[in-house]
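Under my numbering, the residues of the sequence shown are numbered 18 to 204, in order.
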Amino acid sequence: MTNSRFIILTSLLLFFSGCKKDEPLYPVIPNEEELITTFKYTLTPIGGGENIILTFKDLDGDGGNPPTISKGKLDTNTTYSGSVELLNELENPVGNITEEVREESNDHQLFYQSTISELEVSYNDNDLNNNPIGLVTQVKTKAAGSGNITITLRHKPNKSGNGVQSGDITNAGGETDIVVTFELDVQ
18 MTNSRFIILT SLLLFFSGCK KDEPLYPVIP NEEELITTFK YTLTPIGGGE
68 NIILTFKDLD GDGGNPPTIS KGKLDTNTTY SGSVELLNEL ENPVGNITEE
118 VREESNDHQL FYQSTISELE VSYNDNDLNN NPIGLVTQVK TKAAGSGNIT
168 ITLRHKPNKS GNGVQSGDIT NAGGETDIVV TFELDVQ
(Lines of atoms letter the chains of each structure in order from A and count residues from 1; the text may use other names and numbers.)
(Lines give C-alpha, C1' and ligand atoms only; values in the text may rest on other atoms or scores of the structure.)
Protein backbone atom coordinates (compact mmCIF):
# COMPACT_ATOMS: atom_id res chain seq x y z
CA MET A 1 0.00 0.00 0.00
CA THR A 2 2.84 2.37 0.76
CA ASN A 3 4.46 1.78 -2.65
CA SER A 4 1.21 2.29 -4.54
CA ARG A 5 0.48 5.47 -2.57
CA PHE A 6 4.00 6.73 -3.34
CA ILE A 7 3.59 5.95 -7.05
CA ILE A 8 0.19 7.70 -7.22
CA LEU A 9 1.45 10.81 -5.38
CA THR A 10 4.59 10.96 -7.55
CA SER A 11 2.50 10.58 -10.71
CA LEU A 12 0.14 13.37 -9.62
CA LEU A 13 3.06 15.61 -8.70
CA LEU A 14 4.70 15.08 -12.10
CA PHE A 15 1.39 15.59 -13.89
CA PHE A 16 0.59 18.90 -12.19
CA SER A 17 4.14 20.25 -12.32
CA GLY A 18 4.23 19.54 -16.06
CA CYS A 19 1.07 21.59 -16.65
CA LYS A 20 2.08 25.18 -17.05
CA LYS A 21 0.87 27.95 -19.25
CA ASP A 22 2.57 27.94 -22.63
CA GLU A 23 4.83 30.93 -23.06
CA PRO A 24 4.72 32.51 -26.49
CA LEU A 25 7.63 31.59 -28.71
CA TYR A 26 8.32 35.29 -29.29
CA PRO A 27 7.39 37.79 -26.60
CA VAL A 28 4.74 40.32 -27.52
CA ILE A 29 6.31 43.76 -27.48
CA PRO A 30 3.93 46.69 -27.09
CA ASN A 31 4.07 49.45 -29.68
CA GLU A 32 7.20 51.18 -28.44
CA GLU A 33 7.84 54.85 -29.00
CA GLU A 34 10.30 55.31 -31.82
CA LEU A 35 13.40 57.41 -31.37
CA ILE A 36 13.21 60.49 -33.59
CA THR A 37 16.68 61.96 -34.10
CA THR A 38 15.82 64.20 -37.05
CA PHE A 39 12.74 66.35 -37.63
CA LYS A 40 12.59 68.19 -40.94
CA TYR A 41 9.84 70.65 -41.88
CA THR A 42 10.07 71.72 -45.52
CA LEU A 43 8.10 74.78 -46.63
CA THR A 44 7.71 75.16 -50.40
CA PRO A 45 6.33 78.48 -51.66
CA ILE A 46 3.25 77.90 -53.81
CA GLY A 47 3.87 79.72 -57.07
CA GLY A 48 7.62 79.19 -56.97
CA GLY A 49 10.60 80.25 -54.95
CA GLU A 50 13.23 78.75 -52.70
CA ASN A 51 12.29 76.02 -50.21
CA ILE A 52 12.67 76.81 -46.52
CA ILE A 53 13.93 73.75 -44.63
CA LEU A 54 13.65 73.80 -40.84
CA THR A 55 15.71 71.02 -39.26
CA PHE A 56 16.04 69.64 -35.75
CA LYS A 57 18.82 67.04 -35.27
CA ASP A 58 19.71 65.24 -32.06
CA LEU A 59 21.88 62.36 -33.22
CA ASP A 60 22.77 61.16 -29.72
CA GLY A 61 19.15 61.12 -28.48
CA ASP A 62 18.06 62.59 -25.15
CA GLY A 63 20.91 63.83 -23.03
CA GLY A 64 24.45 64.15 -24.30
CA ASN A 65 25.00 66.92 -26.81
CA PRO A 66 22.32 69.54 -27.43
CA PRO A 67 20.36 69.27 -30.69
CA THR A 68 21.11 71.46 -33.68
CA ILE A 69 18.09 73.51 -34.69
CA SER A 70 17.89 75.69 -37.79
CA LYS A 71 16.03 78.99 -38.16
CA GLY A 72 13.83 80.07 -41.03
CA LYS A 73 13.07 83.23 -42.96
CA LEU A 74 9.67 83.40 -44.68
CA ASP A 75 8.29 85.97 -47.10
CA THR A 76 5.27 88.10 -46.18
CA ASN A 77 1.93 87.47 -47.90
CA THR A 78 3.02 84.04 -49.11
CA THR A 79 1.43 80.59 -48.99
CA TYR A 80 3.68 77.59 -48.43
CA SER A 81 3.06 73.88 -48.76
CA GLY A 82 4.56 72.17 -45.71
CA SER A 83 5.76 68.60 -45.28
CA VAL A 84 7.24 66.84 -42.26
CA GLU A 85 9.92 64.15 -42.37
CA LEU A 86 10.78 62.16 -39.23
CA LEU A 87 13.90 59.97 -39.11
CA ASN A 88 15.88 57.79 -36.74
CA GLU A 89 19.41 58.25 -38.04
CA LEU A 90 20.87 55.95 -35.39
CA GLU A 91 19.48 52.94 -37.28
CA ASN A 92 21.23 51.39 -40.25
CA PRO A 93 19.58 51.80 -42.65
CA VAL A 94 18.04 55.06 -41.45
CA GLY A 95 14.59 54.50 -39.93
CA ASN A 96 11.76 56.38 -41.64
CA ILE A 97 9.41 57.28 -38.78
CA THR A 98 7.27 59.37 -41.16
CA GLU A 99 5.97 56.19 -42.79
CA GLU A 100 5.15 54.68 -39.40
CA VAL A 101 3.18 57.79 -38.42
CA ARG A 102 1.35 57.70 -41.76
CA GLU A 103 0.55 53.97 -41.36
CA GLU A 104 -0.67 54.56 -37.79
CA SER A 105 -2.32 57.88 -38.65
CA ASN A 106 -5.39 57.21 -36.47
CA ASP A 107 -2.99 57.18 -33.50
CA HIS A 108 -0.95 60.30 -34.34
CA GLN A 109 -1.40 64.02 -34.85
CA LEU A 110 1.03 66.91 -35.21
CA PHE A 111 0.11 70.21 -33.57
CA TYR A 112 1.42 73.59 -34.71
CA GLN A 113 1.55 76.53 -32.31
CA SER A 114 3.02 79.87 -33.35
CA THR A 115 3.84 83.02 -31.43
CA ILE A 116 3.55 84.95 -34.72
CA SER A 117 0.00 86.27 -34.99
CA GLU A 118 0.24 86.75 -38.77
CA LEU A 119 1.13 83.09 -39.43
CA GLU A 120 -1.61 80.51 -40.09
CA VAL A 121 -1.06 76.75 -40.30
CA SER A 122 -3.77 74.41 -41.62
CA TYR A 123 -3.87 70.64 -42.09
CA ASN A 124 -3.76 69.14 -45.59
CA ASP A 125 -3.90 65.42 -44.75
CA ASN A 126 -6.36 63.18 -42.91
CA ASP A 127 -6.46 59.74 -41.32
CA LEU A 128 -8.99 57.03 -42.19
CA ASN A 129 -11.57 58.70 -39.92
CA ASN A 130 -11.12 62.04 -41.71
CA ASN A 131 -9.26 63.55 -38.74
CA PRO A 132 -6.11 65.62 -39.32
CA ILE A 133 -2.62 64.12 -39.17
CA GLY A 134 -0.35 67.12 -39.84
CA LEU A 135 2.42 65.56 -41.94
CA VAL A 136 1.24 67.81 -44.80
CA THR A 137 0.22 71.40 -44.08
CA GLN A 138 -0.38 74.78 -45.61
CA VAL A 139 1.28 77.82 -44.05
CA LYS A 140 0.12 81.37 -44.84
CA THR A 141 2.05 84.47 -43.87
CA LYS A 142 0.63 87.98 -43.78
CA ALA A 143 2.50 90.92 -42.29
CA ALA A 144 6.11 90.91 -41.13
CA GLY A 145 6.93 89.55 -37.70
CA SER A 146 9.20 87.19 -35.85
CA GLY A 147 8.74 84.52 -33.23
CA ASN A 148 8.56 80.76 -32.90
CA ILE A 149 6.62 77.84 -34.25
CA THR A 150 6.38 74.83 -31.95
CA ILE A 151 5.47 71.49 -33.52
CA THR A 152 4.36 68.61 -31.28
CA LEU A 153 3.79 65.02 -32.37
CA ARG A 154 1.25 63.28 -30.13
CA HIS A 155 0.70 59.52 -29.96
CA LYS A 156 -2.88 58.41 -29.26
CA PRO A 157 -4.40 61.89 -28.95
CA ASN A 158 -8.11 62.27 -28.32
CA LYS A 159 -8.95 63.41 -31.85
CA SER A 160 -12.58 64.00 -30.86
CA GLY A 161 -11.54 66.36 -28.04
CA ASN A 162 -12.75 69.95 -28.14
CA GLY A 163 -10.68 71.90 -30.70
CA VAL A 164 -8.29 69.05 -31.50
CA GLN A 165 -9.38 68.71 -35.14
CA SER A 166 -8.57 72.38 -35.70
CA GLY A 167 -5.11 71.98 -34.13
CA ASP A 168 -5.70 73.00 -30.50
CA ILE A 169 -3.47 70.75 -28.39
CA THR A 170 -5.16 71.73 -25.09
CA ASN A 171 -7.62 68.79 -25.00
CA ALA A 172 -5.58 66.33 -27.07
CA GLY A 173 -4.17 64.19 -24.28
CA GLY A 174 -2.06 61.27 -25.46
CA GLU A 175 1.71 60.97 -25.19
CA THR A 176 4.20 63.38 -26.69
CA ASP A 177 6.63 61.70 -29.09
CA ILE A 178 8.62 64.85 -29.89
CA VAL A 179 8.38 68.63 -29.50
CA VAL A 180 10.49 70.99 -31.60
CA THR A 181 10.58 74.78 -31.68
CA PHE A 182 11.91 76.73 -34.64
CA GLU A 183 12.65 80.47 -34.76
CA LEU A 184 10.97 82.18 -37.71
CA ASP A 185 11.37 85.61 -39.23
CA VAL A 186 8.66 86.76 -41.62
CA GLN A 187 9.91 89.62 -43.85
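From the three backbone atoms N, C-alpha and C, an ideal C-beta is built for every residue, glycine too.
On a predicted model such as this, the values are computed, not experimentally measured, just so you know.
- Closest in C-alpha terms to Val-153, from the list Thr-167, Tyr-140, Gly-162, comes Tyr-140.
- CA-to-CA, the gap between Glu-120 and Pro-149 works out to about 14 angstroms.
- Gln-130 has Thr-167 as its beta-bridge partners, per DSSP.
- Apart from sequence neighbours up to five positions away, the residues of its chain that approach Asn-175 with a beta-carbon distance below 8 angstroms are Val-181, Asn-188, Ala-189, Gly-190, Gly-191, ordered along the chain.
- Each residue's CA atom was taken as its position, placing Glu-137 and Ala-161 some 13 angstroms apart.
- Judged by DSSP in its simplified three-state form, Ile-150 adopts coil rather than helix or strand.
- Exposed is the label assigned to Thr-85, since fewer than 16 other Cβ atoms lie within 10 Å of its Cβ.
- Taking the C-beta atoms as reference points, Ile-69 is found no nearer than 8 angstroms to Tyr-129.
- In this structure, the beta-carbon distance from Leu-52 to Gly-78 falls below 8 angstroms.
- Residue pairing from DSSP leaves Glu-121 without any beta-bridge partner.
- Under the three-state reduction of DSSP, Gln-204 is assigned to coil, being neither helix nor strand.
- Here Gly-112 has Asn-105 as same chain residues with Cβ atoms under 6 angstroms from its own Cβ, once five neighbours each way along the sequence are excluded.
- The beta carbon of Asn-123 is closer than 7 angstroms to those of Asp-144, Leu-145, Asn-146 in its chain, skipping five residues each way along the sequence.
- In this structure, DSSP gives Val-181 a helical state, which the three-state scheme calls helix.
- For Leu-71, the enclosing beta strand (DSSP E) begins and ends at 69-74.
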